[in-house]
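Here the structure comes first, spelled out in structure tokens, and everything after it is commentary.
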């Protein structure tokens, strides 16, 4: 039993050493919104220390709530003091609802961004993971554009609708012309079938008498 307890203790210590330093989830309270629900909000992580010198990993979680669907964009950058021996942060993964940020590094500054991700109403989650050599910080901005409602189409939708209406109108006009031509042909054919017979040719009595009179000159 003693050996079993010792092995379990060692395994737990190894797991703790490899786990990132995680802070409690931070709730972002969105207070300034446009009439349609769109907003821009900032977030930050301050004084991020490594768990141990051997384990510089950290993880921050942010939550906020949306009352409607739309698109979300975000950007963040690490912050450090020139000449300081600590404060260097390297992002290893940043996500919003599982969508990965594009990450880059310029010198000691790390950057990340995410553009136009579709999100639904409800709770949203951003997870920032990385390494810190002690006392690191970062900051960023969230931008939310609410989905349009109330039947106001986008310009591209208007264009498609206009083209569609034009096509429908052309089709109806073509069918109307075909119907008119067919009706005209049927009417002429009906008139020809129902017309009364032509009266017989009339011959004048004078013409009949002239034809039957003898030639007195012969």
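Residue numbers (this note's numbering): -6 to 211. From the three backbone atoms N, C-alpha and C, an ideal C-beta is built for every residue, glycine too.
{"Item": "Identity of the residues DSSP links to residue 113 by a beta bridge", "Value": "Answer is none; residue 113 lacks a bridge partner."}
{"Item": "DSSP-derived helix/strand/coil call for residue 139", "Value": "strand"}
{"Item": "Close-in-space but distant-in-sequence residues of the same chain around residue 119 (CB under 6 angstroms, 5 per side omitted)", "Value": "55, 89"}
{"Item": "Minimum length 3: unbroken beta strand (DSSP E) runs contained in the segment 18 to 70", "Value": "32 to 41, 50 to 59"}
{"Item": "7 angstroms Cβ shell around residue 23 - same chain, five flanking residues per side excluded", "Value": "32, 34, 57"}
{"Item": "Buried or exposed (CB count within 10 angstroms, at least 16 for buried), residue 27", "Value": "exposed"}
{"Item": "Cβ-based neighbour list, residue 69, same chain, cut-off 6 angstroms, excluding 5 preceding and 5 following", "Value": "105, 131, 133"}
{"Item": "Among 36, 66, 112, 83, the one whose alpha carbon lies nearest that of residue 128", "Value": "83"}
{"Item": "Neighbourhood of residue 37 by C-beta, 8 angstroms cutoff - its chain only, sequence neighbours within 5 removed", "Value": "130, 131, 132, 133"}
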